[in-house]
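In this note's numbering, the protein residues as written are 696 to 1201.
Presented below is the structure to which this report refers.
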């Protein structure tokens, strides 16, 4: 394939350059479109929480008071925020505030108080501060659209499929609202799609019966950054790793390839956890664990090459030395390795319990019903109706006015368009049929992203909140891209002169 591509580029250099230039221009317009709607998005109270958390940047880098943000089993001020959210956005906002010298006041949004009371207390961020914080999320959200293009292109080898998938993503109303807000969805989408993109290189290598250590190394780093962006991405990360683990079985590779692949995925998992701890400043007490896990991962990546590669032997010794050295320095590190995860899970369970109480009091959809959970999951995957708020305190005329002004703008994308949603669903079904009949590696990969993620979300998310289900747009819109390309192929076939002549002759 590479040789054919090189020959084609030599024979037809101008069309190739033109297509690449067109891709760049198209993606540039997509980035501009995402960023242009930042100031119009209706406000959400959680945006204030990330502004407050951005003050951790000041503590660490401006005041040098790192100990004030570190995890404490007894609990400290803001600890519940640090353990329930990712750190990447908060520190990005802090950095942006620093370089722009923005010193606007940051106040906590009081969820127990009314909209009017919060305004009277000055809890609504200034437009300058809010837009600055939103830009931090929207930039990564816009870059995630670019990464999505290359993910689709790498998977399907079709520019048309990539264009259609990106158009569907960059106009998806729920995605646009959430990546434009000063919340975690922008970083989450960027690093999650980056991880999925890196995984496609492993996918192609396994197809060629090749295994490259560097790809698993980058997969682990990207996975850790994704978790540090927002932890609710775990179901899709699991789907990515499960698809890669199954691929040697699907391709009927040897048992040796299966075990090496699993070994390297294990190393990537350790690297992911190490990266997660490194990019969550609240867990910097675990710095020895970060180095020890990296050492173990380094050893695992060398094992298959020990007999024939001198560098592998050197790296194995270096990895062992790092792990043993950290263990000697902190003997308890292995018994405390689970503490960050357990603490976050316990806090998340407590928070969700409180959120469930609030939603039940407000008469929200009963998610204890399996049918309600399933219908909510399907509806939020297929529909472009946007959930702008989760609590009744935002169900007030000023917020309604913000929503109306936003939806009146073409920058809002597809919001509540049943006919368009139906067309997109039709393309997704065509794409699902095409990939199912093809039964190739990319088929297994995309189906895994959709089905495994959907099952975990169905089982683990008891809240009728749209943003938890937005990651399903990634596999769903990949199906849409394939469906659009397939439909275009059918139309070209039916309208081609050869097809017309054949029908006339018959």
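From the three backbone atoms N, C-alpha and C, an ideal C-beta is built for every residue, glycine too.
Going by beta carbons, residue 1122 and residue 869 fall outside the 9 Å limit.
DSSP places residue 854 within a helical segment (H, G or I) once states are collapsed to three. Counting the other Cβ atoms within 10 Å of the Cβ of residue 760 gives fewer than 16, which makes it exposed. A contact between stretches requires three or more CB pairs, one per stretch, nearer than 8 Å, and the segment 1088-1107 meets this requirement with the segment 724-743. The beta carbon of residue 1031 lies closer than 8 Å to those of 981 and 984 in the same chain, with the five residues before and after it left out.
The alpha helix (DSSP H) runs lying completely inside the segment 763-823 and spanning 4 residues or more are 774-779, 783-794 and 810-815, given in chain order. Closest option to residue 1159, judged by alpha-carbon separation, among 893, 929 and 1066: 1066. Our two residues, residue 838 and residue 1023, have alpha carbons roughly 42 Å apart in a direct line. Residue state for residue 907 is assigned as coil, using DSSP reduced to three classes.
Between the segment 1177-1191 and the segment 1076-1094, the count of Cβ pairs shorter than 8 Å is below three; the stretches do not touch. Distances from the CA of residue 1037 to each of 768, 1104 and 1072 were compared; the closest alpha carbon is that of 768. DSSP places residue 1104 outside any alpha helix (DSSP H), giving it a letter other than H or E. Here residue 978 is not near residue 919, since their CB atoms are 9 Å or more apart. Within 10 angstroms of the beta-carbon of residue 1027 lie fewer than 16 other beta-carbons, which makes it exposed. Under the three-state reduction of DSSP, residue 867 is assigned to strand. In terms of Cβ geometry, residue 1138 and residue 872 do not form a close pair [threshold 9 Å]. Rounded to whole angstroms, residue 1131 and residue 729 show a C-alpha spacing of 33 Å. In this structure residue 751 is buried. Its beta-carbon is surrounded by 16 or more other beta-carbon atoms within 10 angstroms. Residue 879 places its beta carbon less than 9 Å from that of residue 783. For a cut-off of 8 Å, the C-beta gap from residue 936 to residue 904 is around 20 Å, too long to register as a contact. Beta-carbon to beta-carbon, residue 1141 and residue 1173 are separated by about 5 Å, close enough to satisfy the 8 Å threshold. Spatial neighbours of residue 806 in its own chain (CB-CB distance under 8 Å, excluding positions within 5 residues in sequence) are listed in chain order as 740, 1086 and 1088. The continuous alpha helix (DSSP H) containing residue 1121 extends over residues 1113-1133. For residue 1153, the uninterrupted alpha helix (DSSP H) segment begins and ends at 1136-1155. When secondary structure is reduced to three states using DSSP, residue 1109 falls in the strand class.
For residue 1021, the enclosing alpha helix (DSSP H) stretches over residues 1005-1024. The beta-carbon distance between residue 1082 and residue 1161, rounded to whole angstroms, is 4 Å. This is short enough to meet the 8 Å contact definition.
Residue 1189 sits exposed, since fewer than 16 C-beta atoms from the chains shown fall within 10 Å of its C-beta. Minimum Cα-Cα distance from residue 958 among the listed residues 723, 911, 926 and 988 corresponds to 911.
With a 10 Å radius around the Cβ and a threshold of 16 neighbouring Cβ atoms, residue 1041 comes out exposed.
For residue 845, the closest of 1148, 777, 1001 and 891 by C-alpha to C-alpha distance is 891. Contact annotation, residue 746 with residue 801: C-beta distance approximately 5 Å; criterion of less than 8 Å satisfied.
Shown here for residue 893: same chain residues with a beta carbon closer than 6 Å to its own, the five before and five after excluded, namely 913, 914 and 917 in chain order.
Between the alpha carbons of residue 1008 and residue 991 lies a distance of about 14 Å.
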